[in-house]
Amino acid sequence: MRKILVTGGAGFIGSNFVHHLVNHTDDHVTVLDKLTYASTEESLVGLPKDRIHLVVGDIADAATVDPLVAEVDAVVHYAAESHNDNSLSDPLPFLQTNIIGTYTLLEAVRKREKRFHHVSTDEVYGDLELDDPERFTESTPYNPSSPYSSTKAGSDLLVRAWVRSFGVQATISNCSNNYGPWQHVEKFIPRQITEILEGRRPRLYGDGLNVRDWIHTEDHSSAVLTILETGRIGETYLIGADGEKSNVEVVRAINTYLGRDAEDIEWVKDRPGHDLRYAIDSTKLREELGWTPSFQDFEQGIADTIDWYRENQAWWGPHKHETEAKYAAKGH
Ligand code: NAD
Ligand code: TDX
C-alpha cells in the first residue's frame, strides 16, 4: 500500500483527487489542509477511515510538514490560495501559501528524498488573443498577469530549480479551468448557478467574450494520477480537455438548463487585468502517457453540476452572503 500526502485535499480539486485515489488505488491518503474559507471538509466525510487521515495545518509550517513528508512515499501538492479576484484585493496570503508553502514542501521532500507532484495552472502562461490559432504548450514562455498567477508561476519555477539543483524527484502539471461539485461559490460557474437559485441574474464581467478551457475536475484527477505514476521526473505536462467556451456561452448554457431566457444576464464591472483567453494543447500528456479525458459533453457536465448545487444548498448557502458582499464592494 502506497502512502500519499495530499496538500489542499479538503479543497475543490484536492478533495476530488482524494476520492479518485480511494476509488482507483489501494493507497493510504493523508490530507494536510489549513481549512481556509475555501475548504470543503464535508466532501471527505464518509471515506473509509482506514484509508484517509486529515491533518489540519499549514503547508508553510516546516514543523508540521516535515514529519508528515517523512511518513509517506509521495506528496501531491494542491494547497493554494486560488482565486484571482481575492489576489487583486489582498495578495499577501498568495505569496505566503503559494510561494513559501511550496518552498517549505520542497525542502521537506528534498531532505526526505520523496517523490513530489506539483499541481499548477495554465494561467502561468498569461493569455492568448481570441483569434490566435496557437494554444499553450509546455514550451510557451511564462507571462503571468495577476498576483495569483504570478505566485503560481513562482512556485513552478521553485520546483524546477529544486529538480535541477538538488535532484528532487518532481513533476509539474498545468491544468485549465476546472468545474464540478464542491467548487466554492466565489468561482465563475458556481456563482452563476447559485445567483440564479437565489432569484438573481447571472453576472458577467466586461463583454463576456473571455474564453476559458473547461475540464471536469474528475478528468484533472485522472491526469494527475497518470503523471504521478508514469510521468518522467523533471517534466511538465499540460492538462486540458479541448473545452474552450466564452463566458457568455457558459452563462447561456446555465440559463437554458434552468429554464430561463438565455440572454437574461447582469453585465458588471470587468476584472482589472482580466486574461482574455486560455487554451491548452495536451498532446504531450495524451501521446506520452496515454491519458484521455472522459467528460467530453460540456452541456451534460454543466447540467449535472447544476443539479448538484440544487441538491447541496446546505453546503454552499452559508458561504453565499459573505462572498456576494465581497463582490458588491468591488462592483462585480
Ligand atoms: P481551492 O481554493 O478550492 O482549495 C485550496 C485548498 O488549499 C483549500 O482546502 C484550502 O484550505 C487549502 N489551503 C490554502 N492555504 C493552505 C495552507 N497554507 N496550508 C494548507 N492548506 C491550505 O482551490 P482549487 O480550485 O481546488 O485548486 C487546487 C489547486 O489546483 C491549486 O494549486 C490551484 O492553483 C490549482 N488549479 C486550479 C484550477 C481551477 O480551475 N480551480 C485550475 C488549474 C489548477
Ligand atoms: O462572476 C463572475 N463573472 C465572470 O464573468 C466571475 C466570478 C468570473 N467571471 C469571469 C472571469 C473569468 O474570465 O469568468 C471567468 C472564470 O473566472 P474564475 O472562476 O474566477 O476563474 P479564473 O480567473 O479563470 O481562474 C480559475 O482557473 C484557473 C481558477 O480560479 C484558478 O485557480 C485556476 O488556476
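Note that this note's numbering has the sequence shown beginning at 4, numbered continuously upward. Just so it is clear, CB atoms sit at the ideal spot from N, CA and C, and this is done for glycine as well.
Worksheet item: Is the beta carbon of residue 86 less than 8 Å from the beta carbon of residue 120?
Response: no
Worksheet item: Taking the DSSP output, what are the residues bridged to residue 218?
Response: 181
Discussion item. Given 7 Å as the limit, tell me if residue 35 has its C-beta closer than that to any heavy atom belonging to the ligand TDX.
Written reply: no
Discussion item. Suppose contacts are defined by Cβ-Cβ distances below 8 Å. Is residue 38 in contact with residue 45 by that definition?
Written reply: no
Discussion item. Assuming residue 155 and residue 101 are in contact, meaning their beta carbons sit under 8 Å apart, how far apart are those beta carbons, in whole angstroms?
Written reply: 6 Å
Practice prompt. Determine the burial state of residue 308: buried for a count of at least 16 other Cβ atoms within 10 Å of its Cβ, exposed for fewer.
Written response: buried
Practice prompt. Provide the residue span of the beta strand (DSSP E) that contains residue 249, from first to last.
Written response: 247-249
Fill in: Counted within 10 angstroms of its Cβ, other Cβ atoms place residue 105 as buried (16 or more) or exposed
buried
Fill in: Sequence-distant residues of the same chain with beta carbon closer than 6 Å to residue 61, five excluded per side
37
Discussion item. For a test of the three-state rule: what should DSSP assign to residue 199, helix, strand or coil?
Written reply: helix
Discussion item. Our contact map puts residue 211 next to residue 251 with C-beta atoms below 8 Å; I'd like the distance itself, whole angstroms only.
Written reply: 4 Å
Worksheet item: Comparing the CB of residue 155 with every heavy atom of the ligand NAD, is any distance shorter than 7 Å?
Response: yes
Worksheet entry | 3 or more residues per run - each beta strand (DSSP E) lying fully within the stretch 259-297 | 269-271
Worksheet item: Just to check, is the beta-carbon of residue 305 closer than 7 Å to a non-hydrogen atom of the ligand NAD?
Response: no
Worksheet item: Under the criterion of a Cβ to heavy atom distance below 7 Å, does residue 81 qualify as lining the ligand NAD?
Response: yes
Worksheet item: Mind pulling the beta strand (DSSP E) runs of 3 or more residues that sit fully within the stretch 101-126?
Response: 118-124
Worksheet item: For residue 61, is the beta carbon positioned less than 7 Å from some heavy atom of the ligand NAD?
Response: yes
Worksheet item: Touch check for the stretch 274-289 and the stretch 236-247: three-plus C-beta pairs under 8 Å?
Response: yes
Worksheet item: Thinking just about the alpha-carbon of each residue, which of 125, 318, 98, 300 is nearest to the one in residue 197?
Response: 318
Worksheet item: Where does the unbroken alpha helix (DSSP H) through residue 310 begin, and where does it stop?
Response: 301-314
Discussion item. Looking at the secondary structure, which residues open and close the beta strand (DSSP E) in which residue 235 lies?
Written reply: Where residue 235 is concerned, there is no enclosing beta strand (DSSP E), given that its DSSP letter is neither H nor E.
Worksheet item: Hey, out of 181, 95, 263, 324, whose CA is closest to residue 215's CA?
Response: 181
Worksheet item: How many Å lie between residue 90 and residue 178 at the Cα?
Response: 19 Å
Worksheet item: Which stretch, first to last residue, makes up the alpha helix (DSSP H) that contains residue 161?
Response: 150-169
Discussion item. Following a CB-centred definition, is residue 15 positioned closer than 7 Å to any heavy atom of the ligand NAD?
Written reply: yes
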